[in-house]
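So the protein sequences, as listed, match chains A and B. Just so we're aligned, residue 1 is where the first sequence starts under this note's numbering, counting upward by one. Just so we're aligned, residue 260 is where the second sequence starts under this note's numbering, counting upward by one.
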Amino acid sequence: MDYLYDESFEGFLCCVYRHYYGERASGIFPAGRYQHSLLNACETVPTDEGQAGRVYAALRDRLSRFDPRRIYLVFRSSAPEKEMKLLDYIRLGFKEGPKTGLLYGNPVVRDVRQAEDRVVREVHRMCGLLRFSEVRPRGAAPGHGGAILYAPMEPDHDITEFLARHFCDRFREEAFIIHDRRRGKALVSAAGRWYMTDFGDEWALAETGAETRYRELWRGYFDAVAIKERANPACQRRFMPLRYWKHITETVPYFTSSN
Amino acid sequence: MDGAMFDKLKILSDGAKYDVSCASSGVDRTNVGRVGNACAAGICHSWTADGRCISLLKVLFTNRCVYDCKYCVNRRSADAPRASFEPGELAELVMGFYRRNYIEGLFLSSAVETSPDDTAERICGCLALLRGEHGFAGYIHAKVIPGVSPEILARIGFLADRLSVNIELPSRESLGLLAPQKRAKDIFGSMGQIAQALAEQGELRGPRPAGAPRLPGANVAAGDGSLGDMARGHNAISPARPRGRREAFAPGGQSTQMIIGASPESDRQIIATSETLYRTFRLKRVYFSAYIPVSDAPELPERASRPQLGREHRLYQADWLLRFYGFAADEILDEANPYLDPFLDPKAGWALRNMDRFPIEVNKAPLEELLRIPGVGNVSAMRIARQRRFAAVRYEDLKKMGVVLKRARFFLTCSGRYYGGKTLDPVYIRGQALSPADIRDGMIERAPEQLSMFGDSRSRIPIGTAQGGGHGLSLR
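Below you can see the structure in the form of C-alpha cells.
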C-alpha cells in the first residue's frame, strides 16, 4: 500500500503508524506529488496528533534520544525517497535498539546518516554564506528607524528553521527575515522571537542608502585579501559551490559576468 | 569620504593578507552583549579566489612601520601606500559588516608605527570601543606585537578571544638575519605571559588526539638549536587554580605563524620547532605561510620564484599528525629524512619506514593504533571503535566508514585477513599507493625547482612513460 501524507512531519509519523497497525507500506509520498500507478493501491493518511505522538515517543524510548532529531533532520532533507529510507531506518531501529545509529556498515543506516550529515553541513554552511541587506518596506519614510535585515537564499534542503537559534541569538536586537526563495517560506524574527511563514517575492523591499556603501566596501575587501600568487579558483568553488553565488554579496559580480 | 575609506580598507587589508590565521574557533558564547555570539567550531563566511576562507575581517590598524623585516610587504624601506584607521571608524566598519553576516568578527594586526606599546595601546582602545560602546559579542583575534608591556597585553587579552604572537621564522639565526628588530626573547616573553594567564584560569589546553589524556607528555623532543630551544626556559607554568566564572582572558587560546621557504631550515627543524611550541605554550595552532616574494633582498629567494605551496601542504599534514594523531616530531622525520616526501603524505611515509608495526588488526587494535594506519582519520577511527563494540567490522564496511582503502588496505587486517597483496615490502607498497595522478600532481608542485632550465614551470614530466609503468619511483 502506498501511503500519502500532507507533507508535515506529523503526517509522516502517522504513515509509520499505519505501517505497523494497518497494511505494510510499499511507499510513502507527499500527497501533492504522487504519481498514481496501476501496480500499487494508495491511501491518504489523515494527520492525527495522537498517533504521531505515540510514534514519536516510541522513537525516543526504543531507539535513542538522538534519533527523533536525526529523523527530523533527514525528513527536512531533499534526499530522494527519504520517507522510505526513514521507514527502513525506524524498522531497523525497533529491532536493534539504541545502537542503531552507530551501525555505520549497514546501508540503511548509512543512507540516513549521510542525509543527516548533508543537512547539518548545509545549516552550518548557511550560517556563514547567508548575506543580510538592510531594507525597509517600499514607501516607508527614510530615517534610521524601521530598517529590517533581509537575507534571501536557495538552499538544497529545507533548513530555514534550523537557522533560527543561531541568528536569533546573534541579532537579538534586530528585526530580520530569512527567505527561502525556492520553497516560498521565511523565518521572521524580532527581538529574539521567531516564527515561520509563507513568503513570496511580491514583498516590495527597498535597500537603504548605507547598504550600497557597505556592499562596495565589502567587495573591495574581498578582492584585496586574495593573494594572486596563490590563485586557486577550484578550491574556492569546492568550499563555496557556484549554486550559492547568486545570493552572496561579494560573488554576485562574478556570478553575473560568467552567465 | 567614502572613496577615502574604500582606499584605506584596500591598503590595510592588502597588508594583512599574508597573515594565515582566520580561525573563529575555540569559543562558544551566546550573545552576552547586544550583537553577536561565537561558535566553537568557527564559521567561515566566504572564500577568496585563492581558496582561503574569510571568517574574520583581517586588517592592519596601520601599515606605517618603523621595522625593516626583509620578508614583509610593510617594511619601512618598501615603497607602498600608507594608511591608518581611526578607532571609531574601524569599529563602525566591523559592526556594519557583522550585521550583514559578512564576517564572524575582527582580526586586528598592526605595523609598529612608533613603539610596540604605543601601537598596542591604540589597538586596545579600538577593541574596548567595540566591546563597550557597540556591545559587540562576536569573535576578536588580536595580534600581539613582541615586546609589548605586560600590562597592555593583559588588557588586550580580556578584550580578545584569541591572541597570537608571530614567531615569523623557524630558527633564531634566520630571525636575526631577516628581522633584526624582532628578538626571540620578546616573542617568547609574550607567549609565556599568555600561556601563564591561561593556565591561571584553567584554560591552557592544547590540541590532543582522540582518546588521549588532556595534557600531552612532558618530554620535549630535541630541537637542533632552533628557536624552540629558547622556549624551554618557560616550561615551568604553574598549575591551574579554580576560579569563578567571569570575563575570560583569551578564551580561544593563542596561535602563531611562521614563514616557510624564506630561510634554509629543513622540514624536520620546522616540525621540531612546532612540537616544542605546542608542548611548551600549548598553542592551539602553528600556522605555516609559504613565502611569497615581495622583496629583492639578497638573503631571500628571488622575486620570480614561486611560493612552495606543496611543501606548506605537507607540513600542515605533519602538523595534524602532531596535534590529533599522537605522533612525535622525531617519528615523522629523522636525521636520515630531513624533508617530507612530496609524493606521499607524512603518515604513509612513516608507516613505510616502520612496516614491522603493520598490519594492524582493525577489530582488536586500540584507538591510538588505529590512528596510525594511513588512510584512517580521526572520524573513521572513532566509527570503527564504536561499531566494533556491537559487531565485527568487515572489510566492506571500512569504505563506508570513510577509510581510504587505496592506502589503508596495505596496512591493516580485517578479522585476520590481509587485503593488500602478497608482500609487505615497502617499495612495492609505495608504488601501489601512488596512483599516476598522485605522481603527476606531485610533479606540478615540485616543478619550480626541478624544471627551471626549461623556464616553463607548468609543464609535466610524463613520468609513467619515461620510467615504464609509473611505479618506478625509488624510495629515498
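In this text, a Cβ means the ideal position worked out from N, Cα and C, and glycines have one as well.
In its own chain, which residues sit with a C-beta less than 7 Å from the C-beta of residue i, not counting the 5 before and 5 after it?
i      : result
A396/B : R288, N290, V291, G292, V294, G295 and N296
R335/B : C324, V325, Y326 and D327
A624/B : none
S639/B : M660, G661 and V662
H19/A  : A25 and L87
I591/B : I530, A577, L580, P605 and W609
A607/B : P633, R666 and A692
State the DSSP-derived secondary structure class of residue i, mapped to helix, strand or coil.
i      : result
A549/B : strand
N637/B : helix
Q513/B : strand
Y584/B : coil
K95/A  : helix
S280/B : coil
A164/A : helix
G274/B : coil
C331/B : coil
G310/B : coil
A337/B : coil
L217/A : helix
Y195/A : strand
T47/A  : coil
H304/B : coil
K623/B : coil
L316/B : strand
Q709/B : Caution is warranted here: a pLDDT of 37 is assigned to Q709/B, below 50, making its placement in the model unreliable, and no coordinate value can be reported.
A507/B : coil
A413/B : helix
S133/A : strand
S449/B : helix
Quick one: what's got a C-beta closer than 8 Å to residue i's C-beta in the same chain, skipping five residues either side?
i      : result
I529/B : P429, M517, I519, F547 and L574
S733/B : Its pLDDT being 34, under 50, S733/B is placed unreliably by the model, and the measurement read from it follows with that caveat. Excluding sequence neighbours, S733/B sits near V686.
S497/B : Model confidence at S497/B stands at a pLDDT of 41, short of 50, so the residue's coordinates are unreliable and nothing is read from them.
R183/A : D158 and T160
L54/A  : It is worth fixing the name first, because residue 54/A is Arg in this sequence and not Leu. Once the five neighbours on either side are set aside, the close Cβ partners of R54/A are Y17.
Run through chain A and tell me which residues come within less than 8 Å of residue i, C-beta to C-beta.
i      : result
K211/B : A query on residue 211/B cannot be resolved here, the shown segment of chain B reaching from 260 to 735 and no further.
S638/B : Note on identity: in this sequence residue 638/B is Val, with Ser being the wrong assignment. Per Cβ cutoff of 8 Å: no residues; V638/B is ~10 Å from chain A at best.
D656/B : Y104 and G105
Along the chain, where does the alpha helix (DSSP H) containing residue i start, and where does it finish?
i      : result
R238/A : P233 to F239
C148/A : It is Ile, not Cys, that sits at residue 148/A in the sequence shown. Not the alpha helix (DSSP H): I148/A falls in the beta strand (DSSP E), residues I148 to M153.
E202/A : No alpha helix (DSSP H) contains E202/A, which DSSP labels as neither H nor E.
D67/A  : D67 to F75
K658/B : Y654 to K659
Under 9 Å Cβ-Cβ, which residues of chain B neighbour residue i?
i      : result
N232/A : A308, D309, G310, R311 and L568
In the DSSP assignment, find the unbroken beta strand (DSSP E) run with residue i in it and report its ends.
i      : result
G435/B : First-last for G435/B: R431 to L437, but that is the alpha helix (DSSP H), not the beta strand (DSSP E).
D61/A  : Where D61/A is concerned, there is no enclosing beta strand (DSSP E), given that its DSSP letter is neither H nor E.
D2/A   : D2 to Y5
P30/A  : G27 to P30
F176/A : A175 to D180
If the cut is a Cβ gap below 7 Å, which residues of chain B does residue i touch?
i      : result
G128/A : I302, C303 and H304
Y89/A  : Per Cβ cutoff of 7 Å: no residues; Y89/A is ~15 Å from chain B at best.
D169/A : T289, N290 and N296
Starting from the beta carbon of residue i, find every residue of chain A whose beta carbon is closer than 7 Å, and list them in chain order.
i      : result
A263/B : Going along chain A, no residue has its Cβ under 7 Å from A263/B, so there is no contact; the nearest lies around 11 Å.
Q646/B : L102, L103, Y104 and G105
S272/B : Y221, A224 and V225
Quick one: residues in its chain with C-beta nearer than 6 Å to the C-beta of residue i, no 5 flanking neighbours on either side, listed in chain order?
i      : result
A282/B : G301
G384/B : P346
R172/A : G192
P30/A  : E7
S37/A  : none
W306/B : C312
C14/A  : V45, T47, D48, Q51 and A52
E620/B : T672
Kindly list, in the order they appear in chain A, the residues whose Cβ is closer than 9 Å to that of residue i.
i      : result
R653/B : G105
Which residues in chain B sit within 8 Å of residue i, going by Cβ to Cβ distance?
i      : result
F239/A : C303, W306, G310 and C312
F132/A : R358, R359 and N360
R172/A : N290, R293 and V294
Count the C-beta pairs between the segment 120 to 134 of chain A and the segment 89 to 100 of chain A that are closer than 8 Å, then say yes if the count reaches three, no if not.
no
Any contact of the segment 110 to 126 of chain A with the segment 37 to 49 of chain A, i.e. 3+ C-beta pairs under 8 Å?
no
The segment 228 to 241 of chain A touching the segment 175 to 195 of chain A, judged by at least three CB pairs closer than 8 Å
no
If contact is defined by three or more beta carbon pairs under 8 Å, each pair taking one atom from either stretch, is the segment 612 to 630 of chain B in contact with the segment 69 to 85 of chain A?
no
I want to know whether the segment 144 to 153 of chain A touches the segment 110 to 120 of chain A - three or more CB-CB distances under 8 Å.
no
So, do the segment 193 to 204 of chain A and the segment 220 to 232 of chain A have three or more beta carbon pairs nearer to each other than 8 Å?
no
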